[in-house]
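Reviewing the structure listed below.
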């Protein structure tokens, strides 16, 4: 909308200059004014749509509704250098769901060790003290003795049938299940990274076509037809048609840029890190 208004303002300025010079009729100026007003209306409508979009963004960010967000224009697009293999390594190191699976597997290993330790019998020890009195008669003489006894007692339960095999098997089953889920998550992550990288590469190719071929050529065409109109070699309808084509293509460029940034966000979600901050922001 802003670019359309800018082009129409330029055309209106040219028509006023040519009208003052007596080169054109007032109809050209009126046409330029109508297009300028239409582009101004589209710009106002686009700015009005920013308000709910900004509120939705603040809601997703968890920020207060009155937080000021500055719209800075198109985000800078930098070369993307990481290959799928590097991205997969990063994902396997950073994805929280895979880390959770690894923690669950480690928990399973600890449970197996505990179950195996519990199959050993618990040996208990104790100390006992007692005393005994005895009377001895010899030749009409009686002797009384007192014996003090100290004893050590060991208790060892005999586990003939139950050696906690059920507990061990249960812990092993939980560990095996955790390992299976971890392998599945790992495979899924690698697939997500591969697909997200392919989407980003495709979006980058489409965006490059606009930035390197279509936009430069249309910009040059628009300059030529504007100059031709200024010199009286083309009519105003030719300029309006070229401007319309330029605005439509610019909308396509913005859609391609949106697709590229969406692909970057999906790849970052698949990898588990913000790639714009990796290696100095090579994306």
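In the working numbering, the protein residues as written are 13 to 295.
Even glycine gets a Cβ: it sits at the ideal position worked out from N, Cα and C.
As a quick exercise: from the options, pick the residue whose alpha carbon is nearest that of residue i.
i	options	result
residue 307	279, 100, 222	Outside the shown range of the chain (13 to 295) lies residue 307, about which nothing can therefore be said.
residue 271	82, 219, 115, 192	219
residue 233	256, 212, 124	256
residue 119	75, 106, 188, 53	188
residue 198	41, 102, 24, 285	102
residue 250	243, 262, 237	237
residue 82	62, 96, 274, 71	62
residue 177	123, 80, 191, 211	123
residue 267	216, 107, 200, 126	216
residue 14	55, 48, 179, 117	55
residue 276	106, 179, 214	214
residue 181	196, 231, 239, 121	121
residue 264	39, 227, 117	227
residue 245	212, 30, 24	30
residue 283	241, 254, 273, 205	205
residue 97	24, 58, 201, 25	201
residue 116	183, 235, 212	183
residue 25	248, 58, 273, 253	248
residue 35	23, 235, 50, 242	242
residue 50	235, 285, 252, 273	252
Measuring straight from C-alpha to C-alpha, what distance separates residue i and residue j?
i	j	result
residue 17	residue 113	55 Å
residue 287	residue 279	8 Å
residue 110	residue 193	9 Å
residue 281	residue 68	20 Å
residue 20	residue 259	11 Å
residue 203	residue 66	33 Å
residue 95	residue 43	52 Å
residue 79	residue 72	13 Å
residue 105	residue 225	39 Å
residue 210	residue 126	46 Å
residue 239	residue 230	14 Å
residue 129	residue 185	17 Å
residue 37	residue 70	51 Å
residue 302	residue 46	Outside the modelled stretch of the chain, which goes from 13 to 295, sits residue 302, for which no answer is possible.
residue 207	residue 195	18 Å
residue 27	residue 40	6 Å
residue 32	residue 261	33 Å
residue 74	residue 59	23 Å
residue 23	residue 76	43 Å
residue 235	residue 254	10 Å
residue 285	residue 274	15 Å
residue 64	residue 57	12 Å
Could you give the DSSP three-state label for residue i: helix, strand or coil?
i	result
residue 264	helix
residue 33	coil
residue 243	coil
residue 259	helix
residue 253	helix
residue 293	At residue 293 the pLDDT is 48, less than 50, meaning the model places this residue with poor confidence; the figure from the coordinates comes in the next sentence. Note: residue 293 maps to coil in three-state DSSP.
residue 18	helix
residue 38	helix
residue 285	coil
residue 26	helix
Next item on the list: Only counting runs of 4 or more residues, tell me where the alpha helix (DSSP H) segments fall wholly within the segment 168–237, in order along the chain.
Entry: 177–221
Next item on the list: Mind listing, in chain order, the continuous beta strand (DSSP E) runs of no fewer than 3 residues lying wholly within the segment 44–131?
Entry: none
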